[in-house]
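Chemist: Dropping a structure here in structure tokens format, bear with me for questions.
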Amino acid sequence: MKEDIRGLLPEELEERLVVMGEPAFRAKQVFQWLYKDIESFRDMRNIPKALICKLEDTFFISGLSLKAHQKSRIDSTEKFLFELRDGNQIESVLMGYKYGNTVCISSQAGCRMGCKFCASGLLGLSRNLTPGEILGQVTEVSRISGRKISNVVIMGTGEPLDNYQNISKFLRLIHEPKGMNMSMRSITISTCGLIDKLKCLAEDFPQVNVAISLHAPTDEKRSQIMPINKKFPVSQLIGECRRYVEKTGRRISFEYTLLKDFNDGNEDMQTLAKLLRGLNCHVNLIPLNQVDETGLLTSGRKRALECMEILSSKGINATVRRQLGADIDGACGQLRLKQSVE
Ligand code: SAH
305 MKEDIRGLLP EELEERLVVM GEPAFRAKQV FQWLYKDIES FRDMRNIPKA
355 LICKLEDTFF ISGLSLKAHQ KSRIDSTEKF LFELRDGNQI ESVLMGYKYG
405 NTVCISSQAG CRMGCKFCAS GLLGLSRNLT PGEILGQVTE VSRISGRKIS
455 NVVIMGTGEP LDNYQNISKF LRLIHEPKGM NMSMRSITIS TCGLIDKLKC
505 LAEDFPQVNV AISLHAPTDE KRSQIMPINK KFPVSQLIGE CRRYVEKTGR
555 RISFEYTLLK DFNDGNEDMQ TLAKLLRGLN CHVNLIPLNQ VDETGLLTSG
605 RKRALECMEI LSSKGINATV RRQLGADIDG ACGQLRLKQS VE
């Protein structure tokens, strides 16, 4: 079986090429080409024909083929549906901000966390994405859109910390100076809070930004919408977040999706403020993207702003997330879900 060449670190590529009888400097040249706008090995202009043939026999460049590409008419959001070599489909979203372009990428095909409000989990987990498939989303989105990527958020389909090994390799690949050379500080990992893996992340990649999907301030409520809370309850999760902030010296973010009449009351906000008191953090209030199948309702933007006010008055840093790409199914997992239902 052919190997995904974009999943290899420079030293791994060198090993493979030396085994093929090539000099080490060729590996450096090939590696650099991988991060330019190329579609096939034949585009690598300073590489001898014979080696190109060998590369074609051994590797493939992109495991992603574009299935659908939607551009928002109301903002600069673009959504990409990719098909993987085994037929699984994943999606990535490109969003334009004042400070640059952010791409939101998937970490798994499907998800097994089963959060009640999320479309991605409805069909369960198909499989983990490989490091090359995770990185490929960034390189392909950049190549197809022609836009330079300044930030990456791992907030698409899947639970990144449930695929820790491949996410770690992806982080090393994207940070590689001879490749994309992206700073760890430009990358955010969003997680529903797998505490054991959060500890590893703080140890291995202290510079990466972390966003915790909290969504409720008590075990009673959180367990109703996020099954993972039964394994890692709120007090343990927040305890680990406090250790994380202490260890890394970095601020942590919390995502809080507002569900009408469930977690958007004044009392919920007060409990949340108490829970986070003294923690160097930021709360991102997210108006729910309604997913038909779940029957859950959004609190609306007005209520979101009121919640923000309550948190701010209690000294908690909070903002309401802007909704981008509303006309192209901005919500997590929707495009893939629609395609697979059809
Ligand atoms: N598994 C990771 C990353 C993927 S979900 C995590 O849980 O963080 C990315 C974010 O989108 C999470 O905060 C998730 O709770 C939120 N989300 C999922 N479905 C949503 C919806 N329908 N409306 C608003 N936010 C949603």
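What the sequence shown shows, in my numbering, is residues 305 to 646, in sequence order.
Backbone N, C-alpha and C define an ideal beta-carbon position, used for all residues, glycine too.
1. Below 8 Å between beta carbons: does that hold for residue 491 and residue 512?
2. Please indicate yes or no: does the CB of residue 463 lie closer than 7 Å to some heavy atom of the ligand SAM?
3. If contact is defined by three or more beta carbon pairs under 8 Å, each pair taking one atom from either stretch, is the region 366 to 375 in contact with the region 313 to 324?
4. Between 404, 430, 562, which lies nearest to residue 462 when the distance is taken from Cα to Cα?
5. With a CB to CB cut of under 6 Å and the five nearest residues on each side skipped, what residues in its chain are close to residue 502?
6. Which residues bound the alpha helix (DSSP H) around residue 435?
7. So residue 416 packs on residue 428, CB below 8 Å; how close in whole Å?
8. Can the beta-carbon of residue 474 be found less than 8 Å from the beta-carbon of residue 439?
9. What do you reckon, is the C-beta of residue 357 under 7 Å from a heavy atom of the ligand SAH?
10. Count the other CB atoms, across all protein chains shown, that sit within 10 Å of the CB of residue 340; report buried if there are 16 or more and exposed otherwise.
11. Would residue 382 be called buried (16 or more neighbouring beta carbons within 10 Å of its own) or exposed?
12. With C-beta atoms as the reference, is residue 410 less than 8 Å away from residue 387?
13. Is the number of C-beta pairs between the region 390 to 405 and the region 457 to 472 that are closer than 8 Å three or more?
14. Nearest to residue 445 by alpha carbon, out of 580, 598, 477, 406?
15. Of all the options 589, 518, 593, which has the alpha carbon lying nearest to the alpha carbon of residue 632?
16. Residue 518 and residue 550: beta carbons closer than 8 Å?
17. Which residue's Cα is closest to the Cα of residue 515: 305, 590, 413?
18. Have a look at 336, 349, 360, 449 and flag the residue whose alpha-carbon is nearest the alpha-carbon of residue 308.
19. Examine the ligand SAH and report whether any of its heavy atoms sits within less than 7 Å of the Cβ of residue 392.
20. For residue 622, count neighbouring C-beta atoms within 10 Å of its own C-beta (all shown protein chains included) and say buried if the count is 16 or more, exposed if not.
21. Mind reading off the beta-carbon distance from residue 497 to residue 563? Whole number of angstroms is fine, and I expect it under 8 Å.
22. Going by Cα to Cα distance, which pick from 523, 626, 596, 619 is closest to residue 424?
23. If you draw a straight line from the C-alpha of residue 356 to the C-alpha of residue 469, how long is it?
24. For residue 437, does the count of other Cβ atoms within 10 angstroms reach 16, so buried, or fall short, so exposed?
25. From residue 327 to residue 484, what distance separates their C-alpha atoms?
26. Quick one: which unbroken beta strand (DSSP E) runs of 3-plus residues sit fully inside the region 543 to 621? Chain order, please.
27. So what's residue 453 in DSSP terms, helix, strand or just coil?
28. Can you say whether residue 548 is buried or exposed, counting buried as having 16 or more other CB atoms within 10 angstroms of its CB?
29. To the nearest angstrom, how far is it from the Cα of residue 384 to the Cα of residue 370?
30. Between which two residues does the alpha helix (DSSP H) carrying residue 331 extend?
31. Give the DSSP-derived three-state secondary structure of residue 480 in the structure shown.
32. What do you reckon, is the C-beta of residue 406 under 7 Å from a heavy atom of the ligand SAH?
33. When burial is assigned at 16 or more other CB atoms within 10 Å of the CB, is residue 580 buried or exposed?
34. For residue 585, verify whether its CB is less than 7 Å away from any heavy atom of the ligand SAH.
Modeler: Answer, in terms of the structure:
1. yes
2. For the structure depicted, the ligand SAM is absent and the ligand set comprises only the ligand SAH.
3. no
4. Nearest of 404, 430, 562 to residue 462, Cα basis: 430.
5. Hits under 6 Å: 544.
6. 435 to 449
7. 6 Å
8. yes
9. No; taking the cut-off as 7 Å, the Cβ of residue 357 has no heavy atom of the ligand SAH nearer than that.
10. Classification for residue 340: exposed.
11. buried
12. Against a cut-off of 8 Å, the Cβ pair of residue 387 and residue 410 comes out as no contact.
13. Because the criterion of three Cβ pairs below 8 Å is met, the region 390 to 405 and the region 457 to 472 touch.
14. 406
15. 593
16. no
17. Just measuring C-alpha positions, the residue of 305, 590, 413 sitting nearest residue 515 is 590.
18. 360
19. no
20. By the neighbour-count definition (other C-beta atoms within 10 Å, threshold 16), residue 622 is a buried residue.
21. Contact doesn't hold; Cβ gap of about 18 Å is too wide.
22. 596
23. Taking the straight line joining both Cα atoms gives about 30 Å.
24. It is buried - the Cβ of residue 437 has at least 16 other Cβ atoms within 10 Å.
25. Approximately 23 Å between the Cα atoms of the pair.
26. 556 to 562, 585 to 591
27. strand
28. Residue 548 is classed as buried because its beta carbon has at least 16 other beta carbons within 10 Å across all chains shown.
29. 7 Å
30. 328 to 337
31. coil
32. For residue 406, the CB stays at least 7 Å from every heavy atom of the ligand SAH.
33. buried
34. no
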